[in-house]
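Note sheet for the following structure.
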């Protein structure tokens, strides 16, 4: 019985660690996509700006899907990962 409890604790801890790591990586992808968008906006090429907006919108959508899905939502609520909004980028597409 004690072995089962230890295994269960390890599995749960591993789940939390992997989920937290995954969400952190997604937030980093969002930040990189925002930097890329700003770079293209400064350059002024409309095609590159539209592609950067599409990429950022896709990254935000993937992140929000993770945030809202179970069991990831448990980790989201524990560590206050916010849902990110995409309406600013969808307007120009």
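In the working numbering, the protein residues as written are 600 to 692. Where is the CB? At the ideal position from N, CA and C, for every residue including glycine.
Residue range 601 to 642 is occupied by the alpha helix (DSSP H) that includes residue 620. In the DSSP assignment, residue 668 falls outside any alpha helix (DSSP H), carrying neither H nor E.
Residue 626 is not a Cβ neighbour of residue 654, given a cutoff of 9 Å.
In this structure residue 677 is not in contact with residue 659, their Cβ atoms being roughly 22 Å apart against a cut-off of 8 Å. Closest in alpha carbon position to residue 629, among 607, 652, 639, is 652. Straight through space, the alpha carbons of residue 642 and residue 609 are spaced by roughly 49 Å.
The C-beta distance from residue 680 to residue 631 rounds to 17 Å, too long to meet the 8 Å contact threshold. Non-local beta-carbon contacts of residue 603 in its own chain, meaning distances under 8 Å to residues more than five positions away in sequence, are absent.
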